[in-house]
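> Here it is, the structure, as structure tokens.
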Amino acid sequence: MRSHALRRLAMTIPTLLVISAIIFALLEFAPGDPMAQLPSTIPPDVRAEMRAALGLGQPAPVRYGMWLWQMVVVEPGIALGIVADGDTPRILSWQTRGPVMTLIAQRLPQTMIVVGSAYIIGVIAAIGLGILSARRQGSAIDRAGTGLAAMGYALPPFFTAAVLIYVFAIQLEWAPTIYDTTLHVTGWNSFAAQMRQMALPITVLSLQTTAQITRYMRAAMLDTLGQEYILAARAKGLRERTILMVHALRNSMIPVLPVIALGAPQIFAGAIITESIFGVNGVGQLLITSLSAGDLPVVQTVTVLIAVAIVLANLASDLALPWLDPRLRDA
Amino acid sequence: MGDNFITKPSCAAFSAIALLLSCLPLGIPNAAHALDGRGTDGMLRILYWQAPSTLNPYLSGGVKDIEAASLVLEPLARLSPDGDMIPWLAREIPTLENGGVAPDLRSIRWQLKPGLTWSDGSAVTSADIAFTHRYCTAPGAGCAQADKFRDVARVETPDKLTAVLHFDEPKPFPYGPFVGPQTPLLQAAQFADCLGPRAPGCTDANFAPIGTGPFKVVEFRSGDAAVFEANAAYRVPKQPAFGQVLLKGGGDAMSAGRAVLETGEFDYAWNLQLGPEVLAAMVARGKGQIVSSFSTLVERIAFNFSVPDDATQPHPALSDIAVRRALAMALDRRTMIEIGYGAAGRVSCNIVPAPPAYASSANDGCAAQDLDGARDLLSQAGWVDTDGDGVREREGTELRFVFQTSANTVRQNFQALAKEWWRQIGVAAELRAIDASVFFSGDPSSPDTLEKFGADIEMYAGASDGPDPEAYLAGWACDAAPGTENGWQGRNVGNWCDPEYDALLGALSSTAGLAERAALSRTLNDMLVQQHVAVPLVDRGRVSAHSNSLGGIRINAWDSELWNIADWYRLPG
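Right under this line is the structure:
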């Protein structure tokens, strides 16, 4: 079991190296100019000097090697306090000229809070709805759940966001449309303000998550409830609640857990559309604005970190499954 | 903070006492705002849908960054909403008359106002002026404003308040550096270790420069938001009225307009590039109003004077001035503006529409569409429809043109309108819309750029950088025509060449007095317009929105929109 985990862990390193090289190559070949958004009044020779100051004069393999060294050695060193900030060149964003890691660290809290809680709320709602739907198949609640899932799949976030903004922000004036990232929660008033500004983006995002996961949960639960051991449990006279929540739930989670785990890295990746609409300005918004500004160091670093998150989530779900399903432990 | 937008709507419903209590976070507005002290109007909430990425304008060059920095950093002189220079940190504008500009035009002497301090309390001296020049010209810095300092050979500081900028060559218009928001003063003490290649690494300084402006930086979140507070050392007593400023970035023009005009969450939204009907619907909710300002951005049609793909051959139809004039006369600029721009546009008959002294009045009246006149003009010039296909021709050349522009709703609407009007005078147009990222790329390997001009007619916008149009007008010189020899750089896209124009340009480059320069610029402008080299259509302005509770705004397209933020205040009620 332990050697299996180590083997899987060891495999992640070459995987990530290959991913980072591919991302670098793709960005290298993609069109885009970091100077494209500057006013047209800045003459070409000044632009050329600015490009040179960004380090664009060096050949691509040198820049990739430099980036890799900074990513693997310098940045973790600075994060752990081994390397002093200022001694070694860090990965700098072309657009802001500040360290990319500082940018990401600034953006992670709001992404974690908004996208993270939306994911957790969405997953809990999906599991609950899935159980209830399966328990009373064909009932009103099952049909409502199916309807909700269809809506979540069918309605893109920019549409649900626009409807929610129109109803709750413009007409009812209950919630703001712009998320204030400088709000510090210091008391009840600011806590209430934080809750209000989170309400709309979280609703938009969790609807998506719920829609995606609840169908898996319902199907898995229906499948499990049809098993003979559930019939045996019923015959023994166990309470319905115990049958559902203890005996059926655990087995139903086996196919659902990988779905949840593989969706989890999106918390880190942020939600590009929803973040942009509400001005949450998290990692997703950072990625999309950097892409449009041709800020390759940011795009490269963020996408590689997302890849790391996905690989780790994969690993975690692989390692968690034997714990849920004893049949896998000897494999 | 952050509570305001919820309590505000409910204010109206409650009694006076409840209103007072619930609106407390905004600061209680006082009718006699001018008598209030510094920072009594609470927080000002500004929304820039393009988030500022740094507060050092020398490292970015983006409008969003320059404007955000203008709360903190100030130049020696600013430009007024009319494009006039007003002394800001300088005592007066140096001119030939007051002896500030040397008679040989090789130096300019700036004098600081006495007693100026940085927000950290230290004195502003001429050494800061000299340092700022050194900062932007240091090799390896990649300074975005290097062009402004290009001909400055050295900066001399004879005393603590005087700086003399020496130029390599006579400069008839010596107001490049330190005039306008692009080139503010940096504090020498703060940026001393940030010269050349070390400039980008000074993140702390770049994200929180120490300035002389009405506000200082409290927190800067790159690409997201900035929080400022009133500068206790600001030179004007009792200003600014606002204690804090939240400058939030992100989203799009739509959400920014909504947050000011529909929900009232923010006080000011910058640069609302939205359709006139969208803005009108937002304003109808009664929470705010839109303001617009104009500088020199003119949407224009350019004609190709040579055959597309062969610059050596004169264009068979467009080299005839009658054809160019007829095409221009057929346009109804008022209808175009109504459809495309609303408050963000006004009719322009000049390629240089501003400042007022530079705007020619010789071309007034272009707004009137004259289809009959255009038809007569073509007929007299021998362009008649002999074969009955609806298109005029002369000596085997038909008036069929390819009309290209960048893909964009407004421009494509303009194309469609022009095509219909031209059809009515017997000219056929084939429309092409090219993706903006290709059309404006300047990429010499692409055939579809503005400079390659692979069509007969094209439409785009251009502007003069600052109030003096010399560099801008030089874009129509003979040698400014893009071609293989200059790597398809150059702004004379139509390949027009007139030695008389070049001679006048030469005269402009050696004329000093502002009035004489204005007169020469007007003549050059008239040549371009009257020979129909370029047909000015719309003077395009900047549209922003502010809430009804905000006073003191004078929107400015020449300088930063936030240039007079020290004068802004909260209106009572």
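Residue numbers (the numbering used here), protein chains in the order written: chain A, 847 to 1177; chain B, 30 to 602.
Ideal Cβ positions, reconstructed from N, Cα and C, are used throughout, including at glycine.
(1) I'd like to check one pair, THR1070/A with ALA995/A: are the Cβ atoms closer than 8 Å?
(2) Can you list, in chain order, the residues of the region 505-523 of chain B whose Cβ is nearer than 7 Å to any Cβ on chain A?
(3) Taking Cβ-Cβ distances shorter than 7 Å, what residues in chain B pair up with GLN1131/A?
(4) Whole angstroms is fine: what's the gap from LEU276/B's alpha carbon to PHE236/B's?
(5) Kindly indicate which three-state DSSP category GLY991/A falls into: helix, strand or coil?
(6) If I measure Cβ to Cβ from PHE202/B and keep anything under 6 Å in the same chain, skipping five residues before and after, which residues do I get?
(7) Straight-line CA distance for LYS334/B to THR341/B?
(8) Given THR154/B, which residues of its chain have a CB within under 6 Å of its CB, disregarding the five upstream and five downstream residues?
(9) Kindly give me the distance between the Cβ atoms of VAL184/B and HIS162/B, rounded to whole angstroms, as I take these residues to be in contact under 8 Å.
(10) Apart from the five residues just before and just after LEU873/A, which ones in its own chain have a Cβ nearer than 7 Å to its Cβ?
(11) Taking just the CA atoms, how far does ALA458/B sit from THR858/A?
(12) Identify every run of the alpha helix (DSSP H) within the region 447-507 of chain B, keeping only runs that are complete inside it and at least 4 residues long; order them along the chain.
(13) Taking the DSSP output, what are the residues bridged to GLN318/B?
(14) Tell me the rounded alpha-carbon separation between TYR199/B and SER136/B.
(15) Would you please verify whether the beta carbon of LEU954/A is less than 8 Å from any beta carbon of chain B?
(16) In the structure shown, what three-state DSSP assignment does TYR965/A receive?
(17) Below 7 Å CB to CB, which residues in the same chain sit around TRP525/B once its five sequence neighbours on both sides are set aside?
(18) Taking just the CA atoms, how far does PRO206/B sit from LYS177/B?
(19) Counting contacts by CB-CB distance shorter than 8 Å, is LEU53/B in contact with chain A?
(20) Write down every uninterrupted run of the beta strand (DSSP E) in the region 254-316 of chain B whose length is 3 residues or greater and which is fully enclosed by it, in chain order.
(21) Please tell me whether THR186/B has its Cβ less than 8 Å away from any Cβ of chain A.
(22) Which residue comes first and which comes last in the beta strand (DSSP E) that contains THR434/B?
(23) Suppose you measure from the CA of PHE249/B to the CA of TRP915/A; what does that come to, to the nearest Å?
(24) So GLU294/B packs on THR1023/A, CB below 8 Å; how close in whole Å?
(25) By alpha-carbon positions, which one of LEU301/B, GLY91/B, VAL101/B and ILE239/B ends up nearest to LEU884/A?
(26) What span of residues does the alpha helix (DSSP H) with GLY923/A cover, start to end?
(27) Taking the alpha-carbon positions, what's the PRO476/B to ASP879/A distance?
(28) Would you report the Cα separation of GLY512/B and ALA331/B, rounded to the nearest angstrom?
(29) Using a cut-off of 8 Å between C-beta atoms, extract the partners of ILE928/A located in chain B.
(30) Three or more C-beta pairs closer than 8 Å, one from the region 535-555 of chain B and one from the region 308-326 of chain B: is that the case here?
(31) Is the beta carbon of ALA1166/A closer than 8 Å to that of ILE865/A?
(32) Kindly list, in the order they appear in chain A, the residues whose Cβ is closer than 9 Å to that of VAL327/B.
(33) Counting pairs of beta carbons, one from the region 343-353 of chain B and one from the region 465-476 of chain B, are three or more of them closer than 8 Å?
(34) Mind pulling the chain A residues with CB within less than 7 Å of VAL312/B?
(35) Comparing C-alpha positions only, which one of ASP399/B, SER377/B, PRO168/B and GLY402/B sits nearest to ASP393/B?
(36) Residue range of the alpha helix (DSSP H) that LYS93/B falls in?
Quick look at the numbers:
(1) Position 149 of the first sequence, counted from the start, is the residue given in the question as residue 995/A. Position 224 of the first sequence, counted from the start, is the residue given in the question as residue 1070/A. At least 8 Å separates the beta-carbon of ALA995/A from that of THR1070/A.
(2) For the region 505-523 of chain B, residues whose beta-carbon sits nearer than 7 Å to a beta-carbon of chain A comprise GLN518.
(3) Along the first sequence, one-based indexing puts residue 1131/A at 285. What GLN1131/A touches in chain B: GLY279.
(4) Counting from one through the second sequence, the residue named residue 276/B turns up at place 247. Counting from one through the second sequence, the residue named residue 236/B turns up at place 207. The straight-line gap from Cα to Cα measures roughly 14 Å.
(5) The residue labelled residue 991/A in the question sits at position 145 within the first sequence. Three-state result, GLY991/A: helix.
(6) Here the question's residue 202/B lines up with position 173 in the second sequence. Taken in chain order, the residues that qualify are ASP497.
(7) Taking the first residue of the second sequence as 1, we reach residue 334/B at position 305. Taking the first residue of the second sequence as 1, we reach residue 341/B at position 312. According to the sequence as given, residue 334/B is Phe; it is not Lys. Each residue's alpha carbon lies about 10 Å from the other.
(8) Numbered from its first residue, the second sequence carries residue 154/B at position 125. Annotation for THR154/B: LYS189 place their beta carbon closer than 6 Å to its own, counting only its chain and skipping 5 residues before and after.
(9) Taking the first residue of the second sequence as position 1, residue 184/B is located at position 155. Taking the first residue of the second sequence as position 1, residue 162/B is located at position 133. Contact annotation, VAL184/B with HIS162/B: C-beta distance approximately 5 Å; criterion of less than 8 Å satisfied.
(10) Locating residue 873/A in the first sequence gives position 27, where the first residue counts as 1. Non-local C-beta neighbours of LEU873/A in its own chain, meaning closer than 7 Å and more than five positions away in sequence, comprise LEU1142, VAL1145 and GLN1146, ordered along the chain.
(11) Counting from 1 along the first sequence, the entry for residue 858/A is found at position 12. Counting from 1 along the second sequence, the entry for residue 458/B is found at position 429. The alpha-carbon atoms of THR858/A and ALA458/B are separated by roughly 60 Å.
(12) Fully enclosed alpha helix (DSSP H) runs of 4 or longer: 465-468 and 499-502.
(13) Along the second sequence, one-based indexing puts residue 318/B at 289. GLN318/B pairs with HIS575/B.
(14) One-based indexing of the second sequence puts residue 199/B at position 170. One-based indexing of the second sequence puts residue 136/B at position 107. The sequence given here has Pro at residue 199/B, not Tyr. So the alpha carbons of these two residues sit roughly 8 Å apart.
(15) By one-based count along the first sequence, residue 954/A stands at place 108. No, LEU954/A lies away from the interface with chain B (no Cβ there is under 8 Å from its Cβ).
(16) Along the first sequence, read from residue 1 onward, the residue named residue 965/A stands at position 119. Three-state DSSP puts TYR965/A in a helix.
(17) Position 496 of the second sequence holds residue 525/B. Same-chain partners within the cutoff: PHE334, TRP505 and VAL562.
(18) As a position in the second sequence, residue 177/B is number 148, starting the count at 1. As a position in the second sequence, residue 206/B is number 177, starting the count at 1. A straight line joining the alpha-carbon of LYS177/B with that of PRO206/B spans about 5 Å.
(19) Walking along the second sequence from the start, residue 53/B turns up at place 24. Here LEU53/B scores only 37 on pLDDT, less than 50, and its place in the model should not be relied on; the value that follows carries that caveat. No, LEU53/B lies away from the interface with chain A (no Cβ there is under 8 Å from its Cβ).
(20) Fully enclosed beta strand (DSSP E) runs of no fewer than 3 residues occupy 254-259 and 273-278 of the region 254-316 of chain B, in order along the chain.
(21) Counting from 1 along the second sequence, the entry for residue 186/B is found at position 157. Chain A contact via Cβ: absent.
(22) Residue mapping note: residue 434/B aligns to position 405 of the second sequence, counting from 1. 429-435 is the span of the beta strand (DSSP E), which, as asked, contains THR434/B.
(23) Here the question's residue 249/B lines up with position 220 in the second sequence. Here the question's residue 915/A lines up with position 69 in the first sequence. Each residue's CA atom was taken as its position, placing PHE249/B and TRP915/A some 28 Å apart.
(24) For the purposes of this step, residue 294/B is taken as the residue at position 265 of the second sequence. For the purposes of this step, residue 1023/A is taken as the residue at position 177 of the first sequence. Confirmed, about 6 Å.
(25) One-based indexing of the first sequence puts residue 884/A at position 38. Answer by Cα proximity: GLY91/B.
(26) Along the first sequence, read from residue 1 onward, the residue named residue 923/A stands at position 77. Membership of GLY923/A in the alpha helix (DSSP H) is indicated by the continuous run 921-926.
(27) The sequence position of residue 476/B within the second sequence is 447, counting from 1. The sequence position of residue 879/A within the first sequence is 33, counting from 1. PRO476/B and ASP879/A have their C-alpha atoms spaced approximately 19 Å apart.
(28) On the second sequence, position 483 is the one that residue 512/B refers to. On the second sequence, position 302 is the one that residue 331/B refers to. About 17 Å.
(29) Numbered from its first residue, the first sequence carries residue 928/A at position 82. None at all; the shortest Cβ gap to chain B is about 19 Å.
(30) No, they do not touch.
(31) Translated into the one-based positions of the first sequence, residue 865/A becomes position 19. Translated into the one-based positions of the first sequence, residue 1166/A becomes position 320. Not a contact, by the Cβ cut-off of 8 Å.
(32) Against the second sequence, residue 327/B aligns to sequence position 298. For VAL327/B, none of the residues of chain A pass the 9 Å Cβ criterion, the least Cβ distance being about 13 Å.
(33) Touching, no.
(34) What you label residue 312/B is simply residue 283 of the second sequence in a count that begins at 1. Those within 7 Å of VAL312/B in chain A number zero; the least Cβ separation is about 14 Å.
(35) To locate residue 393/B, count along the second sequence from 1; it is residue 364. When C-alpha distances from ASP393/B are compared across ASP399/B, SER377/B, PRO168/B and GLY402/B, the shortest belongs to SER377/B.
(36) Numbered from its first residue, the second sequence carries residue 93/B at position 64. LYS93/B: member of the alpha helix (DSSP H) spanning 92-98, first to last residue.
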